[in-house]
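This report refers to the structure that appears directly beneath it.
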Amino acid sequence: MTKPNHNLTDHPSPRSGQPDTAAWTVERIRALGLITDIATAAQIFGLSRAAAYELAKRDQFPVAVLRFGSRYRVPVAAILHALHLPTDDEQPPDPPPAPAT
Numbered sequence: 066m067t068k069p070n071h072n073l074t075d076h077p078s079p080r081s082g083q084p085d086t087a088a089w090t091v092e093r094i095r096a097l098g099l100i101t102d103i104a105t106a107a108q109i110f111g112l113s114r115a116a117a118y119e120l121a122k123r124d125q126f127p128v129a130v131l132r133f134g135s136r137y138r139v140p141v142a143a144i145l146h147a148l149h150l151p152t153d154d155e156q157p158p159d160p161p162p163a164p165a166t
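Residue numbers (my numbering): 66 to 166.
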C-alpha cells in the first residue's frame, strides 16, 4: 500500500490543484466574511493546521476562537485587529496636512 503524495495541511487552489500560495491582503481577508474556519486563520497567521488546533485547544491562538461543538470558528474582525489592519467599519486615518508653500 502506498501513501498519497500530498500533505493534508495543504489547501489546494480550485484551479491548479497546488497549495494556495497567494498573499493574504486586507481585501482577501475581509472577503472571508464575518467568520472563518481555523485552517484559514492558521494560513493567515503562518501556522500549520495542526499547530492552530493545538493552540486553540490551549486557548493560545493569536485571537479569540469560537467553539461550536467540535468546530472552531475565528472572527475575521479579530484577525484584522491582531494584524493592525482596519476593519470595514473603521475609517483609515486622515493623511497629514500638506506643507504650506
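The beta-carbon is built from N, C-alpha and C at its ideal position, and this holds for glycine as well.
First and last residue of the alpha helix (DSSP H) that includes residue i?
{"i": "T105", "result": "I103 to F110"}
{"i": "L99", "result": "That residue, L99, is in no alpha helix (DSSP H); it is neither H nor E in DSSP."}
{"i": "A117", "result": "R114 to K122"}
Might you give, ordered along the chain, the residues of its own chain that have their beta carbon closer than 8 Å to the beta carbon of residue i, omitting 5 neighbours on each side?
{"i": "L145", "result": "V91, I94, R95, P151 and T152"}
{"i": "L99", "result": "P140, V141 and A142"}
{"i": "W89", "result": "Q108 and I109"}
My assumption, with CB atoms under 8 Å, is that residue i sits in contact with residue j. Please give the rounded CB distance.
{"i": "P189", "j": "A147", "result": "One cannot answer for residue 189 here, as it falls past the ends of the chain, which runs 66 to 166."}
With distance defined between alpha-carbon atoms, name the residue in the options nearest to residue i.
{"i": "R138", "options": "Y118, T101 and A88", "result": "T101"}
{"i": "H149", "options": "F110, A87 and A115", "result": "F110"}
{"i": "S135", "options": "Y118, Q125 and Q108", "result": "Y118"}
Taking CB distances under 9 Å as the criterion, tell me whether residue i reaches chain D.
{"i": "A88", "result": "No chain D is present in this structure, which holds just one protein chain."}
Terminal residues of the continuous beta strand (DSSP E) containing residue i?
{"i": "L145", "result": "From DSSP, L145 is part of no beta strand (DSSP E) but of the alpha helix (DSSP H) over V141 to A147."}
Based on the DSSP output, what are the partners of residue i in its beta bridges?
{"i": "F133", "result": "R136"}
Could you pull out every residue in the same chain whose Cβ sits closer than 6 Å to the Cβ of residue i, ignoring the five residues on either side in sequence?
{"i": "L131", "result": "R138"}
Under 7 Å Cβ to Cβ from residue i, same chain only, skipping five residues before and after it: list those, please.
{"i": "A121", "result": "I103, V130 and Y137"}
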